[in-house]
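Below: the structure, in structure tokens.
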Amino acid sequence: MWKEWNSRISDFDICKQWRKERPTTEYEALNVLLFNIQGLSTHIADLDFFIATYTPQMCILTGVDSRIKNPAQISFYNWICQDGTNSFGGVAMIIHNSLKTKIVLQAPNFILIELTILSESVLIGAIYVPPSSGIPFNLLEMHESKNFYIFGDYNSKHAQWMCNTNNASENALKCWLDEKGYQLIALIKPTSKRSDAVIDFAITNDAARW
Numbered sequence: 396m397w398k399e400w401n402s403r404i405s406d407f408d409i410c411k412q413w414r415k416e417r418p419t420t421e422y423e424a425l426n427v428l429l430f431n432i433q434g435l436s437t438h439i440a441d442l443d444f445f446i447a448t449y450t451p452q453m454c455i456l457t458g459v460d461s462r463i464k465n466p467a468q469i470s471f472y473n474w475i476c477q478d479g480t481n482s483f484g485g486v487a488m489i490i491h492n493s494l495k496t497k498i499v500l501q502a503p504n505f506i507l508i509e510l511t512i513l514s515e516s517v518l519i520g521a522i523y524v525p526p527s528s529g530i531p532f533n534l535l536e537m538h539e540s541k542n543f544y545i546f547g548d549y550n551s552k553h554a555q556w557m558c559n560t561n562n563a564s565e566n567a568l569k570c571w572l573d574e575k576g577y578q579l580i581a582l583i584k585p586t587s588k589r590s591d592a593v594i595d596f597a598i599t600n601d602a603a604r605w
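In my numbering, the protein residues as written are 396 to 605.
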């Protein structure tokens with residue numbers, strides 16, 4: 396830059412050259428909202444408020460209940476819905492229509508999509524694990540060859556992510572994470588309304604890029 400400003404080239408030509416040589420953006424930020432809605436039928440107003448306030452590009456909902464079969468339309472967003480195995484389960488993804496996505500897999504309490512940004516694809520998942528169920532590792536391991544982020548309510552407690560106690564589900568998840576070398580994206584304050592536990596988080600193979 397110093398050489399350019401002290402040379403005989405005009406300011407107009409410098410600006411024109413800079414426009415031609417603008418650096419490419421390596422990453423594009425993605426604003427994701429994870430919401431344990433605990434019943435879409437009773438918390439639709441909360442969802443509208445969060446979308447209007449934070450304008451996320453993607454919303455991941457867990458505990459949506461049976462109303463997920465007929466969700467309310469939201470301007471500029473598309474729904475992907477999946478039933479659960481009980482009346483409190485089910486997951487949904489609300490995706491801004493500017494994003495390029497395709498569905499990779501749907502199973503009870505689980506959705507996995509492929510998102511393409513700047514010619515790079517990444518897997519984004521939504522999961523709900525009922526309290527009496529184990530972690531569905533078979534679903535989590537189906538697409539390990541790509542970068543992935545799987546958000547949801549795992550109903551799993553471990554001291555490593557600020558829980559007072561460990562449970563069997565979380566011990567299994569902790570061992571699996573250590574074995575695979577995956578990481579958590581989690582808050583440092585409780586996400587459960589019934590206990591001081593962090594049960595809503597994301598699993599990824601590359602937390603540094605989040």
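Positions of the beta carbon are idealized from the N, C-alpha and C atoms, including for glycine.
Quick one: grab the DSSP three-state call for residue i.
i	result
Asp548	strand
Lys541	coil
Cys410	Note that Cys410 scores 47 on pLDDT, short of 50, meaning its location in the model is unreliable; the coordinates nonetheless yield the value given after this. Helix.
Ile580	strand
Asn481	coil
Ile432	coil
Ile463	helix
Ala424	coil
Suppose you measure from the CA of residue i to the CA of residue j; what does that come to, to the nearest Å?
i	j	result
Ala487	Ser514	25 Å
Asp441	Asn600	31 Å
Phe543	Trp571	16 Å
Thr437	Cys476	17 Å
Leu535	Ser470	31 Å
Asn465	Ile490	16 Å
Asn473	Ala467	10 Å
Val499	Phe505	11 Å
Ala447	Met453	13 Å
Pro418	Glu539	At Pro418 the pLDDT is 47, less than 50, meaning the model places this residue with poor confidence; the figure from the coordinates comes in the next sentence. Their Cα atoms are separated by approximately 31 Å.
Gln501	Ser527	21 Å
Ser516	Ile530	25 Å
Asp595	Asp548	4 Å
Thr511	Gly479	27 Å
Phe483	Ile455	16 Å
Val524	Ala602	22 Å
Looking only at DSSP bridge pairs, what is residue i linked to?
i	result
Glu509	Lys497 and Leu518
Asp595	Asp548
Span of the beta strand (DSSP E) holding residue i?
i	result
Ile475	Tyr472 to Gln477
Leu616	Nothing about residue 616 can be reported from this structure: the residues present for the chain run from 396 to 605 only.
Could you tell me the boundaries of the alpha helix (DSSP H) in which residue i lies?
i	result
Asn492	Here Asn492 belongs to no alpha helix (DSSP H), and DSSP marks it neither H nor E.
Leu534	Phe532 to Leu535
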